[in-house]
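Novice:
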Amino acid sequence: MSHFNQWTIMVLIVHFLGDFQLQSPQLAVDKQHKRQALATHLAIHGILLLYPLIRSLYYQVFWPAFYAYLMLLISHSLIDFIKIGFDKLHPSYRLYTFLIDQVLHIGLIILLGQVIFSASLVSIDPAFLNRQMLTWLLAILMVCKPANVLFKLAFSPYHHSQAIKQEGLQGAGALIGNLERILSLIFLGMGQVNAIGLIYTAKSIARFKRLEEDKGFAEYYLIGTLYSILYALCVYFLVLAR
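Plus 1 on top of the position in the sequence shown (first one is 1) and you've got the working numbering.
#1: Could you check whether the stretch 44-52 touches the stretch 9-28, counting it as contact only if at least three pairs of C-beta atoms, one from each stretch, sit closer than 8 Å?
#2: For Phe-238, count neighbouring C-beta atoms within 10 Å of its own C-beta (all shown protein chains included) and say buried if the count is 16 or more, exposed if not.
#3: Hey, quick one: how far does the alpha helix (DSSP H) through Tyr-59 stretch, first residue to last?
#4: Let me make sure I understand the geometry here. Which of Glu-213, Val-30, Tyr-70, Phe-209 has the alpha-carbon closest to that of Leu-51?
#5: Helix, strand or coil for Gly-86, going by three-state DSSP, please let me know.
#6: Once you ignore the five residues that flank Thr-136 on each side, which residues in its own chain have a CB closer than 7 Å to its CB?
#7: So, are the CB atoms of Leu-54 and Thr-41 less than 8 Å apart?
#8: Assuming Ile-224 contacts Leu-186 (C-beta within less than 8 Å), just tell me the rounded distance between them.
#9: May I ask you to report which of helix, strand or coil DSSP gives Gln-133?
#10: If the criterion is Cβ atoms closer than 8 Å, does the pair Ile-177 and Phe-188 meet it?
#11: Taking only the alpha-carbon atoms, compute the straight-line gap between Lys-146 and Asp-20 and give it to the nearest angstrom.
#12: Can you check whether the CB of Thr-98 is closer than 8 Å to the CB of Phe-87?
#13: At the level of alpha carbons, what is the spacing between Gln-163 and Pro-65?
#14: Jot down the residue ranges of each uninterrupted alpha helix (DSSP H) in the stretch 197-232, minimum 4 residues, whole runs only, in chain order.
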């Protein structure tokens, strides 16, 4: 993302916060059936987008930013409304509607950010959040909850199988996955690729007994591990690599 201006990166951060980190599982379910829940989701986006809008005052680009703000809110509302309607009619296609939904949201953010603002026009005070901090924040947000949601949708037949029935603390698997992908990003950023193996070695040791005894779980575990590695690598090369 070296060619993206910082306004674009800021709004991408807002998107991942609003669509994932600040959207509870209950809100994600409720907005499928209740207009009030969808309105709450959109209000969260609207409030978060106020930050880049307010920052635009400092750089005297308020009106272009305001028009972008309105376009993003309206387009987000329309895209979500269409996705919800399609999901109700074709629930078996949720993976594809999720991917299309995200591509449309992210694509529009990039298009508006790069067309309306030049790379040199919008920047953030280095004393607060410089470009490197923003890109790392974006990468970390991308490898957390979005990765978990995509995994559940893409591998739902295995996730709900009785052969890999979950044991242990509720939510621990998702947290472990988040931490391993964040550590993978850090090691990649440090150029310590070999250190990534230590993460997955420690993870395997903790579950060695069940891996040995339960073939179904072992296969599911391998799928999840390879997915985590691939996902972290993709985010690193898309966002952080120069």
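Just so you know, even glycine gets a beta-carbon here, dropped at the ideal spot from N, CA and C. Owing to the predicted nature of the structure, the values given are computational and were not obtained by experimental measurement.
Specialist: Quick answer:
#1: Contact between the stretch 44-52 and the stretch 9-28 is present, because at least three Cβ pairs lie under 8 Å.
#2: So Phe-238 counts as exposed.
#3: First-last of the alpha helix (DSSP H) with Tyr-59: 36-59.
#4: With distances taken between Cα atoms, Leu-51 lies closest to Tyr-70.
#5: In the displayed model, Gly-86 falls within a helix according to three-state DSSP.
#6: Taking Thr-136 as the centre and dropping the five residues before and after it, the same chain places the C-beta of Met-2, Ile-10, Val-240, Leu-241 closer than 7 Å to its C-beta, in chain order.
#7: Not a contact, by the Cβ cut-off of 8 Å.
#8: Ile-224 to Leu-186, Cβ: 21 Å. No contact.
#9: DSSP places Gln-133 within a helical segment (H, G or I) once states are collapsed to three.
#10: Taking the C-beta atoms as reference points, Phe-188 is found no nearer than 8 Å to Ile-177.
#11: Their Cα atoms are separated by approximately 10 Å.
#12: For the pair Phe-87 and Thr-98, the CB atoms are nearer than the 8 Å cut-off.
#13: Reliability of the predicted coordinates at Gln-163 is poor, the pLDDT of 47 falling under 50, and the value obtained from them is presented with this limitation in mind. About 53 Å.
#14: Taken in chain order, the unbroken stretches of alpha helix (DSSP H) that lie wholly in the stretch 197-232 and span 4 residues or more are 197-207, 209-214.
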